[in-house]
Every structure is written in C-alpha cells, then in structure tokens.
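Counting with my numbering, you get residues 288 to 798 for the letters of the sequence shown.
Cβ atoms here follow ideal geometry from the backbone N, Cα and C, with glycine treated the same way.
Values in this document were obtained by computation on a predicted structure and should not be read as measured data.
Notes follow once the structure below has been shown.
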Amino acid sequence: MARVSRIDDCLSTRNGCLFIEECDTIDLIRRFGSPLFVYSEDQLRRNVRRFEKAFKRGWPDGPMKVLPAAKANWIPAIQRILADEGCGCDIYSPGELTVALNAGFDPQFVSVNGVPKDEDHIFRSIQAGVRITIDSVEEVDAIEKAARELGQVAKVRLRLKPAISDFVDHSDFVAEGLVPTDIAAMVYKGGLSFEQIMAVGPRILKMKEVELVGFHEHHGRHDRSTRYWEAQMKAFAKEMGRVCQALGGFQPQEIDIGGGFAIPRDPFNAVTDYSEPIQLGALYALSKALKVLGSSRRYRALSRLIDGIVTKPNQTPAPTIEEYAAACTGTLRRELAQERINTKGLMLQIEPGRAIHGDAGIHLTTVRNIKRMTVPIRWNVVVVDTTEFWFTGGRYEHHLHDYVFANKTDSELVDKADIIGRSCYGDRLMPAVPIPNVEVGDTLALLDTGAYQEVSMSNFNAMPRPATILVTGDQASIIRRRETEEDVLRRDVLPEHLIRDKTAGVIGETI
Ligand SMILES: Cc1ncc(COP(=O)(O)O)c(C=O)c1O
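Set out below in structure tokens:
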C-alpha cells in the first residue's frame, strides 16, 4: 500500500483519510457515487510546466513544445486545460482531432499520427492547418491530392523507425520480458524504415502542395531508464543524419521525440501478471509430490507456502522529468552535431502521455464483499465495485497500480487478499496484495490511473461506465457523467422480424 508522501503529489492523508488537492476522497464518493475516476487540475498543470521547464533548459538552441498525447486522456475538459497551458497536442483519430480543435490548440502544434489515416481525416487535417506525421507510404498520395483540392500546402513530418541497437535489454512490453527492446521496437507497427522513407522522401521534396518540415519518432516505454532514452535519442539522431544525407542535405525545422516517459510511481510492472501464477506454478511439482501425505496434510503444507506469496506494486521511483529531459536533450544535441544537423532554431517537440496524465488521476472504488477462506487453503478475496474492464489500458501493459484504502490510510497492513472486480470474469485487479483490516464499505483508491484507463473502458456485462470528476482546490465538478443503462443500450437495434410487440418498450432507434 502506498505511502502518499511525494512532495509534488496532489495526494495527501489527513486524519486517516486520503485527500486529492483539498477534497476528501470519501466525501467525493458520498457526493458522486462509486466507482469514480478523479483528476487533479493542479497536478496536470504542474506536470506540463515541469516538462516544459526541464526540456527548455536542455534545449537552448531553438523553441520547444509539449504535445501531450490525447490518446492517454482525450476528455474535453482535460484537453481544454492543456490548451490553456499553451501545449500542442498529439492526436491519432478523427475524434481526437475534433476534441483538439474544440479545445483550442494552435493547429501548427497539433500532430496527426498513426495508421491508417482515412482520406477524409487527411482532408480535414490539412484544412485545419495541423501537422501530418506520415506513417505509411500510401498516405503520401492522399495528402498531395487533398492539399491540391484545398489549394493549401500540407506541412508534414516523416515518422522514422530507428533501430535502438545500443540497447538490447529485455522489453517491458512483450512476452514476459523475453524479447530484446530493439527487436520489440522494430516489430511494432509505428514508423517507416529507411527504405520506406526513401520510397517517399525524394518525391515529397518535389511536391508543390506538400512541405516536409521535419521528423518524428516514438518507440514508447519499453524501459524506463535514462540509459534507454540516451540509446533511443542516439539512434534517432543517427537515422535523421542518414535520411538528411540521402535527401541531399535536407535540414529539418522541427523534430518530435514522441512519448514513453514513465509515471513517477511507475505502475508498469511486467512482474505483476506473472509473478503470482509463476510462484503458484512452482508449487505444481511440489503439490504433486506432496500427494503422498494425504489430502489434509498436503493442504496444510501447501497453505503455508501459499501464505508466503505476496505481490507488491513497484516501489522504486522512475527517473524524474528533469533526468529524462537532460538525458534526451544532451544526447540529441551531441549526436545531431555529429550528424551535421543544425540545431540553431530547430524546434524540439515531445509527446508525453502517461507521464503527463498518470499521477493526475486516481480511481475510487468501494469494497462490496469479503470472502475469507481458511480450509482447505487460506485465501482472502475482497470484491470491489469496479472491474478490470475499466482498466484495460493497464491490463494490456501489466500494470499493478499502487493503492491506498482511502478511509484507512493510517491502518497497519495485517493480511493479504486478491482484490477482485465485479465482472463475471476472474477480474483479478490485484493479486495477493497486503491489506489492512478491510470491511465492507471501505474505499479503495487505485493511484496513477490518469492515463489510458478511463478512455479505454468497455461495457462488458452491459455495465454502465463510472463518472469522472475534476478536482480544483476544494471544488469538484463532473467532467464526464456516469453512464445509465439507457446509454449502454442506445446503439442496439432489433431487426423488424425480431420485434414481438411493436407497441412495446424502446430498444434502439428502429422500434
Ligand atoms: C505517437 C505517440 N506519441 C506519444 C505516445 C504517448 O506515449 P506515453 O503515454 O507512453 O508517453 C504514444 C503512445 O502510444 C504514441 O503512439
């Protein structure tokens, strides 16, 4: 369980209760219901300012811009705060483009990433004057065609795919950590290889309606160390050098190094998903061998071993924003000089997602049931009113969020339990974690849930999704209302021949 004590944290504990800014989390649950996603406006703004300050310090040669990745949290109120802070915006989809334009970002600092990009998305992007980051050979013709039709010049960047050959530690993302980072980055869909760049680069330079303004890369959070970032920046600089030379001495006006910086408490924990089953797996041979003892002695022996299995969230902090900034800017400046790329006036952009939003958000959930089993093995299950289907972003990446029992922050940890969600799946939100003396009605706060979780919730089991609250000092406002059952069923349509009673209740639009 977390000790909430980071100095720059929006969280604090007062009289045994968790506060976010000046709001008591227990009071938030009372007012807005459970479960609840909660964001701190102040934390979000401070995160942006820290990134900006740290990267500007390391990049004195030209302008610098933070473009938070909208995919991590595209809620309009959140995007409005970021626009208000003077950020740009990294977007992926037409929907995110709509949110970004409504939020009021300066279009020249909006970068449209991703594959595939539909023709109307490309058309609207050029019309809006945003940057298109080219990530496929095919989209080049569509960009030229749309720009010609609009009578506008499309400003584009090429997304490169440099091999990080200096960093071959295992990747946190894939296959139980058995794949080296450089290979994991190469098999990911993002980016264009050198030969793909050569298939489009020289053509783009000749186009009247398309202007190449720079380069982009994003390899993501395969590893959180600054060593990884140094290797990544070196690889990016070398690839830019190779491309610039092949394009006859082209000089970029802007470069974008993507996102992937870790959240300070770093809930990413490949060990999480595997450690517990692996430890149980190690019991397998033993559990078979113990059969000779007979059933009750075997269970007694196994119970003692299983008692020793405890999973803990990551307790080592990630590098700081300042350390990431120094590693990236220092390496880039040195390596770009070697590649004869002029950094004077060159704009540096970064696209942090998790590191901007992660620790600005918490998730509050209520304990609904407690199952304590003692025979044949000792095992505790604490059932809460949220579900892993509202944490799919983190499930995919094997997160184990740190946590606090929000109404028992001062309590001793006296036991351990699986924290289980409300869906009909196993829904093992947290396997075998230490707990205080838990009671029905207690509030559990999962920390660092501000990135990717809220925006990837699903309606499994026809469950209406929870509400989202923004906290500003001692004020709390709803920024996304709780879904109703009607919302969940709104898209469903019964074909004519399945309708039994044409005068009966409404499901979907055609009845
Ligand atoms: C192009 C691009 N930029 C930025 C990000 C944000 O990454 P993170 O949230 O790890 O910082 C992503 C995430 O997938 C991405 O694809």
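Task: Where residue 498 sits in the DSSP three-state scheme - done: strand
Task: Cβ shell of residue 455 (< 6 Å), same chain only, five flanking positions each side left out - done: 467 and 469
Open item on the list: residue 690 and residue 288 - do their beta-carbons sit closer together than 8 Å?
Closed with: yes
TODO: Go ahead and pull the three-state DSSP assignment for residue 430.
DONE: helix
Open item on the list: Quick check on residue 799: does DSSP put it in helix, strand or coil?
Closed with: What is shown of the chain runs 288 to 798, which leaves residue 799 out entirely.
Task: Minimum length 3: unbroken beta strand (DSSP E) runs contained in the stretch 388-435 - done: 397-399 and 418-421
TODO: Report all residues from its chain with a CB closer than 6 Å to the CB of residue 507; omit the five preceding and five following residues, and keep chain order.
DONE: 547
Open item on the list: Give me the DSSP bridge partner(s) of residue 516.
Closed with: Answer is none; residue 516 lacks a bridge partner.
- [ ] With DSSP collapsed to three states, give me the class of residue 666.
- [x] strand
- [ ] Return the CA-CA distance between residue 576 and residue 582, expressed in angstroms with no decimal places.
- [x] 12 Å
- [ ] Compare the Cα-Cα distances from residue 349 to each of 327, 590, 616 and 521 and report the closest residue.
- [x] 616
Open item on the list: Do residue 381 and residue 415 count as a contact pair if the criterion is CB distance below 8 Å?
Closed with: no
TODO: Give me the Cβ distance between residue 518 and residue 596, rounded to the nearest whole Å; I'm assuming they're in contact under 8 Å.
DONE: Residue 518 to residue 596, Cβ: 35 Å. No contact.
- [ ] Pick out whichever of 443, 341, 736 and 520 has its Cα sitting closest to the Cα of residue 539.
- [x] 443
Task: Classification of residue 745 by the beta-carbon crowding that lies within 10 angstroms, buried from 16 upward - done: exposed
Task: Limits of the unbroken alpha helix (DSSP H) element including residue 334 - done: 328-345
Open item on the list: In the DSSP output, what is residue 800 paired with across the bridge?
Closed with: Because the chain spans 288 through 798 in this model, residue 800 falls outside it and cannot be assessed.
Open item on the list: Helix, strand or coil, according to DSSP, for residue 473 in the structure here?
Closed with: helix
- [ ] Could you tell me if residue 591 is buried or exposed, where buried requires 16 or more neighbouring beta carbons within 10 angstroms of its beta carbon?
- [x] exposed
TODO: Give the C-beta separation of residue 782 and residue 770 to the nearest angstrom, bearing in mind that I take them to be a contact with Cβ-Cβ under 8 Å.
DONE: Going by Cβ atoms, the distance from residue 782 to residue 770 rounds to 25 Å, so no, they are not a contact pair.
Open item on the list: Just to confirm before moving on: does the CB-CB distance between residue 369 and residue 335 stay below 8 Å?
Closed with: yes
TODO: Take the Cβ of residue 764 as the centre, count every other Cβ of all protein chains shown within 10 Å, and call the residue buried at 16 or more, exposed below.
DONE: exposed
Task: Spatial neighbours of residue 795 in its chain, beta-carbon cut-off 8 Å, leaving aside the 5 residues before and after - done: Here the model assigns residue 795 a pLDDT of 48, short of 50, so the residue's position is not dependable, and the following value carries that caveat. So the qualifying residues of the chain are 776, 777, 778, 779, 780 and 781.
- [ ] Inspect the beta-carbon positions of residue 708 and residue 654 and report whether they are closer than 8 Å.
- [x] no
Open item on the list: Tell me the residue span of the beta strand (DSSP E) that contains residue 763.
Closed with: 762-767
Task: For residue 313, the three-state DSSP class (helix, strand or coil) - done: helix
Open item on the list: Bridge partners for residue 555 per DSSP, in chain order?
Closed with: 686
Task: Segment limits, alpha helix (DSSP H) that includes residue 306 - done: From DSSP, residue 306 is part of no alpha helix (DSSP H) but of the beta strand (DSSP E) over 304-307.
- [ ] Can you check DSSP and say which residues form a bridge with residue 582?
- [x] Paired residues: none, contrary to the question.
Task: Buried versus exposed call for residue 604 [16 or more other C-beta atoms within 10 Å across all chains shown] - done: exposed
Open item on the list: Looking at ligand 1, does it come within less than 7 Å of residue 639, judged from the CB to the closest heavy atom?
Closed with: yes
Task: alpha helix (DSSP H) segments (min. 4 residues) lying fully within the stretch 583-644 - done: 608-625 and 641-644
Open item on the list: Between which two residues does the beta strand (DSSP E) holding residue 550 run?
Closed with: Element bounds for residue 550: n/a, residue is neither H nor E.
- [ ] Whole angstroms is fine: what's the gap from residue 774's alpha carbon to residue 789's?
- [x] 22 Å
Task: Three-state secondary structure assigned by DSSP to residue 467 - done: strand
- [ ] Using the Cα positions of residue 797 and residue 785, report the straight-line distance between them to the nearest angstrom.
- [x] Here the model assigns residue 797 a pLDDT of 45, short of 50, so the residue's position is not dependable and the matter cannot be decided.
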